[in-house]
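Visitor:
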Amino acid sequence: AQSVTQLDSQVPVFEEAPVELRCNYSSSVSVYLFWYVQYPNQGLQLLLKYLSGSTLVKGINGFEAEFNKSQTSFHLRKPSVHISDTAEYFCAVSDRGGGSNYKLTFGKGTLLTVNP
Amino acid sequence: EADIYQTPRYLVIGTGKKITLECSQTMGHDKMYWYQQDPGMELHLIHYSYGVNSTEKGDLSSESTVSRIRTEHFPLTLESARPSHTSQYLCASSEFGGLAADTQYFGPGTRLTVL
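Taken in sequence, the protein lines are chains A and B. Sequential numbering from 1 applies to the first sequence in the numbering used here. Sequential numbering from 117 applies to the second sequence in the numbering used here.
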């Protein structure tokens, strides 16, 4: 069974400050890793995903995440946030060997609030 | 940009009513999903479909039912709504046959309130 823990339910920051949203996962098999963002009153949108190769993944809107296999983490970072980054961020994992029967497991989300 | 639509966006309805939440996508994706989302909680998969005439139950038990008569259309129905059904329902689809590495594309959601 897989599980995803997002360590912070809310992260308030000031505009232009750096931010890190933390994600840890638990799985008995190799996984793919995702970050999705949900802006107010909208559906989820993919920010980035780690499939293989370089452990540093760059996504849209200046976000990046680093896969750390030994710590089973996939933290999301941005060096300078904007007001428009205010949203809920979801970390998710899927089983590499799941084929078309895979399950995408989500964390509970982290609400990022960027204040002026 | 994803082209996946859900209607209605908001629905307030009384107990016992039958409701259908609509979901359509124009991307030609075979695999589609319904998730239930409550504040501060994980998204829970309640139904999915591999293609036309294929439907499966997800991890979270749900009293809703789904159908997939056309590739682009994946409606969810509640025969008799109850207050416990109050939630946000998100529809999604995935490219490339719905494999583990696929990106899922989400609709804007339907926020359902049952009084």
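We treat Cβ as the ideally placed atom computed from N, Cα and C, and that holds for glycine. Remember, predicted model here, so these are calculated numbers, not experimental data.
Answer yes if the stretch 193-211 of chain B comes into contact with the stretch 139-150 of chain B, meaning at least three C-beta pairs across the two stretches below 8 Å, and no otherwise.
Guide: With the cut-off at 8 Å, the stretch 139-150 of chain B and the stretch 193-211 of chain B touch.
Visitor: Which stretch, first to last residue, makes up the beta strand (DSSP E) that contains S94 (chain A)?
Guide: Looking up residue 94 (chain A) in the first sequence gives position 94. First-last of the beta strand (DSSP E) with S94 (chain A): A87 to D95.
Visitor: Can you check which of these residues, A:L111, A:P116 and A:N115, is closest to Y39 (chain A) by C-alpha distance?
Guide: To locate residue 39 (chain A), count along the first sequence from 1; it is residue 39. Y39 (chain A) has its Cα closest to that of A:L111, out of A:L111, A:P116 and A:N115.
Visitor: Check the Cβ of G223 (chain B) against every Cβ in chain A and list those closer than 7 Å, keeping chain order.
Guide: As a working note, residue 223 (chain B) is residue 107 in the second sequence. What G223 (chain B) touches in chain A: G43.
Visitor: Under 8 Å Cβ-Cβ, which residues of chain A neighbour E195 (chain B)?
Guide: Within the second sequence, numbered from 1, the residue matching residue 195 (chain B) stands at position 79. Chain A residues near E195 (chain B): none, gap ~26 Å exceeds 8 Å.
Visitor: Of all the options B:Y126, B:D119, B:L176 and B:G132, which has the alpha carbon lying nearest to the alpha carbon of K194 (chain B)?
Guide: As a position in the second sequence, residue 194 (chain B) is number 78, starting the count at 1. A quick correction: the sequence has Leu, not Lys, at residue 194 (chain B). The shortest Cα separation from L194 (chain B) among B:Y126, B:D119, B:L176 and B:G132 belongs to B:G132.
Visitor: Spell out the partners DSSP gives Y50 (chain A) in its beta bridges.
Guide: As a first step, residue 50 (chain A) must be located in the first sequence, where it is residue number 50. Y50 (chain A) pairs with A:L33.
Visitor: Below 6 Å CB to CB, which residues in the same chain sit around P199 (chain B) once its five sequence neighbours on both sides are set aside?
Guide: Residue numbering aside, residue 199 (chain B) sits at position 83 when the second sequence is read from its first letter. Closer than 6 Å at the Cβ level, and outside the excluded window around P199 (chain B), lie V230.
Visitor: Could you list which residues in chain A have their beta carbon closer than 8 Å to that of E138 (chain B), in chain order?
Guide: Here residue 138 (chain B) refers to the residue found at position 22 of the second sequence. The premise fails here: E138 (chain B) is roughly 14 Å from chain A at the closest Cβ pair, so nothing lies under 8 Å.
Visitor: If contact means a Cβ-Cβ distance below 9 Å, which residues of the stretch 6-22 of chain A contact chain B?
Guide: Taking 9 Å as the Cβ-Cβ cut-off against chain B, the residues of the stretch 6-22 of chain A that qualify are S9.
Visitor: Got a sec: is the Cβ-Cβ distance from L127 (chain B) to anything in chain A below 8 Å?
Guide: Counting from 1 along the second sequence, the entry for residue 127 (chain B) is found at position 11. For L127 (chain B), the answer is no, since every Cβ of chain A falls outside 8 Å of its Cβ.
Visitor: For the beta strand (DSSP E) that contains R184 (chain B), what are its first and last residues?
Guide: Taking the second sequence and counting its residues from 1, the one referred to as residue 184 (chain B) is at position 68. Taken as a continuous stretch (DSSP letters only), R184 (chain B) belongs to no beta strand (DSSP E), as it is neither H nor E.
Visitor: Can you give me the C-alpha to C-alpha distance between E179 (chain B) and K173 (chain B), rounded to a whole angstrom?
Guide: The count along the second sequence starts at 1 and reaches residue 179 (chain B) at position 63. The count along the second sequence starts at 1 and reaches residue 173 (chain B) at position 57. Going by the C-alpha atoms only, they are around 10 Å apart.
Visitor: Would you please verify whether the beta carbon of D175 (chain B) is less than 8 Å from any beta carbon of chain A?
Guide: Against the second sequence, residue 175 (chain B) aligns to sequence position 59. Yes, D175 (chain B) lies at the interface with chain A (some Cβ there is under 8 Å from its Cβ).
Visitor: Does DSSP put N68 (chain A) in a helix, in a strand, or in coil?
Guide: The count along the first sequence starts at 1 and reaches residue 68 (chain A) at position 68. Note: N68 (chain A) maps to strand in three-state DSSP.
Visitor: Along the chain, where does the beta strand (DSSP E) that runs through T110 (chain A) open and close?
Guide: Indexing the first sequence from 1 puts residue 110 (chain A) at position 110. Per DSSP, T110 (chain A) belongs to the beta strand (DSSP E) from T110 to N115.
Visitor: Within the continuous beta strand (DSSP E) that includes L161 (chain B), where are the two ends?
Guide: Counting from 1 along the second sequence, the entry for residue 161 (chain B) is found at position 45. Element bounds for L161 (chain B): L159 to G167.
Visitor: Between which residues of its own chain and K49 (chain A) is the CB-CB distance below 6 Å, once the five residues before and five after are set aside?
Guide: To locate residue 49 (chain A), count along the first sequence from 1; it is residue 49. Here the set comprises F34.
Visitor: For K49 (chain A), decide whether its Cβ has a neighbour in chain B, counting only Cβ atoms nearer than 8 Å.
Guide: Here the question's residue 49 (chain A) lines up with position 49 in the first sequence. It does; some Cβ of chain B falls within 8 Å.
Visitor: Tell me the rounded alpha-carbon separation between S9 (chain A) and F106 (chain A).
Guide: As a first step, residue 9 (chain A) must be located in the first sequence, where it is residue number 9. As a first step, residue 106 (chain A) must be located in the first sequence, where it is residue number 106. In a straight line, the C-alpha of S9 (chain A) is about 14 Å away from that of F106 (chain A).
Visitor: DSSP state of H82 (chain A), grouped into three classes?
Guide: Taking the first residue of the first sequence as position 1, residue 82 (chain A) is located at position 82. Three-state result, H82 (chain A): coil.
Visitor: Of all Cβ atoms in chain A, is any one closer than 8 Å to the Cβ of E158 (chain B)?
Guide: One-based indexing of the second sequence puts residue 158 (chain B) at position 42. Closer than 8 Å to some Cβ of chain A, the Cβ of E158 (chain B) qualifies, so yes.
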